[in-house]
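Notes follow once the structure below has been shown.
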Amino acid sequence: MRLNPPTPAGAAFRSLAQVSVLAAASAALAACGGGDGSPAPAPVPAPAPAPALAPLAGGSSYLGTLSFGDTVALSLDSTTKQITLRFVDSRFGLAGAITSVYSVDANGQFVAQTFQAVAGSNLPGALVSRLSDVTLRFSAETGLVTGNVDGLPNLLDTSATSTASLQGVLTASNQGAAQISALAGTYNYLRNEAVYSASGKPGAPSASAGQLRIANDGVVRVCPGQGASDTCTNGIIGRVTVDPDQSTYPGALVLELGGQRIGRAVVGKRSDGAAISVDVYSAAAGGSFTSGNWTLHSAAMAPVAATALDGEWLCTHPEQASTGRSMRHYVSIGNGLLQTDTIDIDLKLRANAASGTGVAANGLFGGQWAGGNGAARTLLPVSANSFYYAGSSGPADTDTSALGACQRLPEQAELPKYLDKSAASTDPVMITLADALPTQPAIGYDQIYYKQGRYTHTATGNVASSQWQKAFDDLCEDSGQDSTAKNGITASSKLNDRSSFTCKAQVANYQSLLKTAVVGPKGQLFLTDGHHSFTSLWEAPNSNGNVATGLAGGQVQMPVMIKGNYKDANNASFWRTMRANKFVWLKLPDGSSITPADLPRQLGLSNGLKDDPFRSLVYFTREVGYNKPVNPSEFLEFYWSEWLQASPRSFKLSQYKLSQAGNGSDGGYMQAIKDASNLMLAANPSEMIGASGYNAVQMGQMTAFGTATYADLSTPKPADGKKAGKLAYALEYRASLGSAK
């Protein structure tokens, strides 16, 4: 969007001027005996003295705002790693207090996502029922907490089926100013507001940026889209005064512009000045209202260096709709450009400018998307490691705005062992599974459960079984070798020690059988194929099919082929390349999109990979409705899953009972597999499958139903200890975990 200044409050200014003239005339008449001769009125009592500021003085208590217009209080306990969030003043019906433990994620942010109600805080029932949706990500610097909260319910929407949610930027401080005069100075600001209906549905937000000045007596002059001066164009005059309720809002002020209350201002005292956050609110007809946030920070007296923001960042902004979600992006800044991971057009930055057109304002960075359609952003640094931004969410977006917060990422350590591995080499690279970063957010748990059911199959009744050795067979086959050698497994063999067992010789063209990976920035290793196979090995018993020996875990070593080396790329350009090459899958099981920052950081079932039941279904249709091609597309099964769920097929797993195999016609898992396979077989051979870029034949479509494979899927364990069917193993293992669906 274009960063537009607020509409000047001309009418308010005229009204104020008229009031001043009338007051002056009345005073003059009274002074010279004019008037109607009536007795002089009784003296007006002197106004009560203005309340004194009572700011927080540091410590674990914070007062702050959420960017959709609410005031909140925080309590941080760094010893117990506990955060408490209290809703002090909400436009959306939120009240009471919630608390959660927090931990540090791989990007260096604190994450709290196990919120519970604080006893006796009178939390609304509708909020209690949705606490599992709430996530708070934040960073803490001296005196300042910034972050994003997701998943709060919008309690203004009282419809029985409402899932309306709130998401916003958090700014909170633990130390304010004792006097308004201490805030005198020039400030950079970002403003973001939206008009909401009576039920809390937001319209398109608007944003602006610029500078303002606060005088010793609290008089404010706002200069939209430009540096602060006494003669700025469309300047708006106002004042900050002490909020009378200092017990509820310690240290808070009230911002007025043009005679109208804008909102409550929360002050954060910092070594380089002050940070101020304003929760904007004004009521309108029919119950609608305007709500939002102003973010202010002391402006630099001298221009900041053009390279001040160079580096790698993690930025977050709320989605435009009432989804309860925020979008997180890797952002790379350098050479006067801001690049993001999911937008392929750069933002050209100007240091010390209020906008991309270069209007001077020390300390701000103005940005214009390449292409020149007017879409712009303004960046407001608040420290060496954090900045806010407001403006268009992308280069084609001139009508809506985004308000976001960015944190500098910790320096990424190099992984020397993968740094120079080349895609041109025909030799595989031996990797450690713990080093492999996923490029998809989910896997089919039932596929993993099938493997675990077989890997732990040591006996059927009293009859010993060797089926557990399949774990070693799979490891060898995924290494381009023919299973394990006869007598290659002993009682001391361990999956995570390749010297403790032997595999048969490599097969011809074994490289085509290996899983694949790419080398990313600083030598990080990103897996592009093999998430299921490698997670199955990670979760397998390390020895003898006995979980008591421990899991094989992340120390299992496997060979992979390198498909690309992007060690010198910044984060944004790396992920742009990954998307262009279709080396990454950025969709959750429910079909919603994510960004690379949302991807899990390790393989395994306990490290963030979600369960995708459709991905499991497609696995079980292999050799029934489709067969894996010789050179398959990356994420082949996800594309088939996407295709099955799309119209006109609109395949829904909710119509089946997936806790039982069934007989193929009773609504059980076997019928789901049969129905999905028949849809695959019925597809036009030239039809494109999902967004793969390949047609049904190229994606492995079979010409006839795989009857034998299908029948074998649900075969129970035979009494002689031999193998059961894949689905039978999966359901038995899943039931043993108490996770029957």
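According to mature numbering (1 follows the signal peptide of the UniProt record, and there is no 0), the stretch in the sequence shown is residues -30 to -1, 1 to 711, in order. Just so you know, even glycine gets a beta-carbon here, dropped at the ideal spot from N, CA and C. Remember, it's a predicted structure, so these values are computed and weren't measured experimentally.
Fill in: Outcome for R191 when other beta-carbon atoms lying within 10 angstroms are tallied against a minimum of 16
One-based indexing of the sequence shown puts residue 191 at position 221. Buried.
Worksheet item: For the candidate residues I643, L495, S247 and Y703, whose alpha-carbon lies nearest to that of K687?
Response: As a first step, residue 687 must be located in the sequence shown, where it is residue number 717. Answer by Cα proximity: Y703.
Worksheet item: Going by other Cβ atoms of all chains shown within 10 Å of its Cβ, with 16 needed for buried, is M528 buried or exposed?
Response: The residue given as residue 528 occupies position 558 in the sequence shown. Buried.
Worksheet item: Between the stretch 420 to 428 and the stretch 694 to 701, do at least 3 Cβ pairs fall closer than 8 angstroms?
Response: yes
Practice prompt. Kindly identify the DSSP beta-bridge partner or partners of G341.
Written response: What you label residue 341 is simply residue 371 of the sequence shown in a count that begins at 1. In DSSP, G341 forms no bridge with anything.
Worksheet entry | Per-residue DSSP class, three states only, for N648 | As a working note, residue 648 is residue 678 in the sequence shown. Note: N648 maps to helix in three-state DSSP.
Worksheet item: Grouping DSSP H, G and I as helix and E and B as strand, with all else coil, what is W438?
Response: Taking the first residue of the sequence shown as position 1, residue 438 is located at position 468. Three-state DSSP puts W438 in a helix.
Discussion item. Is it buried or exposed, L296, if we count other Cβ atoms within 10 angstroms and call 16 or more buried?
Written reply: As a position in the sequence shown, residue 296 is number 326, starting the count at 1. According to the sequence shown, residue 296 is Ser rather than Leu. By the beta-carbon neighbour count (other beta carbons within 10 angstroms, threshold 16), S296 is buried.
Item to complete: Let me know the secondary structure DSSP gives I150 once reduced to three states.
Response: If you number the sequence shown from 1, residue 150 lands on position 180. Reduced to three states, the DSSP call for I150 is helix.
Item to complete: Take S99 as the anchor and find which of L521, S506 and S132 has the nearest alpha-carbon.
Response: Taking the sequence shown and counting its residues from 1, the one referred to as residue 99 is at position 129. The shortest C-alpha separation from S99 is found at S132.
Worksheet entry | Buried/exposed call for E509, threshold 16 Cβ in 10 Å | Taking the sequence shown and counting its residues from 1, the one referred to as residue 509 is at position 539. Flag for E509 reads buried.
Worksheet item: When the Cα of S31 is compared with those of T128, G238, K622 and S45, which residue comes out closest?
Response: Numbered from its first residue, the sequence shown carries residue 31 at position 61. It is S45.
Practice prompt. Out of S252, N601, E384 and K318, state which residue places its alpha-carbon closest to the alpha-carbon of R231.
Written response: Position 261 of the sequence shown, counted from the start, is the residue given in the question as residue 231. The shortest C-alpha separation from R231 is found at S252.
Worksheet entry | For T505, the first and last residue of its enclosing alpha helix (DSSP H) | Position 535 of the sequence shown, counted from the start, is the residue given in the question as residue 505. Where T505 is concerned, the enclosing alpha helix (DSSP H) stretches over H501 to E509.
Discussion item. Looking only at its chain, what residues have a beta carbon closer than 7 angstroms to the beta carbon of G281, apart from the 5 residues adjacent to it on each side?
Written reply: Counting from 1 along the sequence shown, the entry for residue 281 is found at position 311. I303 and R378, listed in sequence order.
Worksheet item: Apart from the five residues on each side of it in sequence, which residues of its chain come closer than 7 angstroms, Cβ to Cβ, to D242?
Response: In the sequence shown, the residue the question calls residue 242 occupies position 272. Closer than 7 angstroms at Cβ, skipping near neighbours: S268.
Worksheet item: Can the beta-carbon of L569 be found closer than 8 angstroms to that of P380?
Response: Counted from its first residue, the sequence shown places residue 569 at position 599. Counted from its first residue, the sequence shown places residue 380 at position 410. Against a cut-off of 8 angstroms, the Cβ pair of P380 and L569 comes out as no contact.
Discussion item. Measuring CB atoms only, is the stretch 59 to 73 touching the stretch 35 to 43, in the sense that at least three cross pairs come out at less than 8 angstroms?
Written reply: yes
Item to complete: Answer yes or no: do S656 and G595 have a C-beta to C-beta separation smaller than 8 angstroms?
Response: For the purposes of this step, residue 656 is identified with residue 686 of the sequence shown, where counting begins at 1. For the purposes of this step, residue 595 is identified with residue 625 of the sequence shown, where counting begins at 1. With respect to G595, S656 sits apart: the two C-beta atoms are not nearer than 8 angstroms.
Item to complete: Could you tell me if P386 is buried or exposed, where buried requires 16 or more neighbouring beta carbons within 10 angstroms of its beta carbon?
Response: Here the question's residue 386 lines up with position 416 in the sequence shown. The residue in question, P386, is exposed, as its Cβ has fewer than 16 Cβ neighbours within 10 Å.
Worksheet entry | Distance between F544 and L317 (C-alpha atoms, nearest Å) | If you number the sequence shown from 1, residue 317 lands on position 347. If you number the sequence shown from 1, residue 544 lands on position 574. Roughly 17 angstroms between the two C-alpha positions.
Worksheet item: Do D311 and T69 come within 8 angstroms of each other at the CB atom, strictly closer than that value?
Response: Sequence index remark: in the sequence shown, residue 69 carries index 99 (1-based). Sequence index remark: in the sequence shown, residue 311 carries index 341 (1-based). Contact flag unset, no.
Worksheet item: When the Cα of R183 is compared with those of C193, P175 and A174, which residue comes out closest?
Response: As a first step, residue 183 must be located in the sequence shown, where it is residue number 213. In this structure, C193 is the residue among C193, P175 and A174 with its C-alpha nearest to the C-alpha of R183.
Worksheet item: Can we say the stretch 387 to 404 touches the stretch 549 to 562, given the rule of at least three CB pairs closer than 8 angstroms?
Response: no
Worksheet item: What does a CB cutoff of less than 6 angstroms around P(-23) pick up in its chain, not counting 5 residues either side in sequence?
Response: Here residue -23 corresponds to residue number 8 of the sequence shown, with the count starting at 1. Note on P(-23): pLDDT 40, under 50, position unreliable in the model; no value is reported.
Worksheet item: Name the DSSP beta bridge partners of N665, please?
Response: As a first step, residue 665 is located in the sequence shown; it is residue number 695 there, counting from the start. Answer is M658.
Fill in: Which residues DSSP lists as bridging R231, in chain order
Taking the first residue of the sequence shown as position 1, residue 231 is located at position 261. Beta-bridge pairing links R231 to E226.
Worksheet item: With a cut-off of 8 angstroms, do at least 3 Cβ pairs link the stretch 619 to 639 to the stretch 663 to 678?
Response: No, the stretch 619 to 639 is not in contact with the stretch 663 to 678.
Worksheet item: So what does DSSP say about W610, is it helix, strand or coil?
Response: In the sequence shown, the residue the question calls residue 610 occupies position 640. W610 falls in the helix class under three-state DSSP.
Practice prompt. Give me whichever residues DSSP pairs with H299 in a beta bridge.
Written response: Taking the sequence shown and counting its residues from 1, the one referred to as residue 299 is at position 329. Bridge partners of H299: C285.
Worksheet item: How far does the alpha helix (DSSP H) with S543 in it reach, from first residue to last?
Response: Within the sequence shown, numbered from 1, the residue matching residue 543 stands at position 573. S543: member of the alpha helix (DSSP H) spanning N541 to A550, first to last residue.
Worksheet item: Are L558 and K580 closer than 8 angstroms when you measure CB to CB?
Response: As a position in the sequence shown, residue 558 is number 588, starting the count at 1. As a position in the sequence shown, residue 580 is number 610, starting the count at 1. Their beta carbons are under 8 angstroms apart, which means L558 touches K580 by this criterion.
Discussion item. Taking 8 angstroms as the cut-off, does the stretch 135 to 155 touch the stretch 215 to 225 (at least 3 CB pairs, one atom from each stretch)?
Written reply: yes
Worksheet entry | Residues that G450 bridges to, as DSSP identifies them | For the purposes of this step, residue 450 is identified with residue 480 of the sequence shown, where counting begins at 1. For G450, which the question treats as bridged, DSSP gives no partner whatsoever.
Item to complete: Provide the residue span of the alpha helix (DSSP H) that contains Y166, from first to last.
Response: On the sequence shown, residue 166 is found 196 positions in, with the first residue counted as 1. It is not in any alpha helix (DSSP H) - Y166 instead sits in the beta strand (DSSP E) that spans G155 to Y166.
Worksheet item: In the DSSP assignment, what residue or residues form a beta bridge with Q476?
Response: By one-based count along the sequence shown, residue 476 stands at place 506. According to DSSP, which records beta bridges pairwise, Q476 is partnered with Q451.
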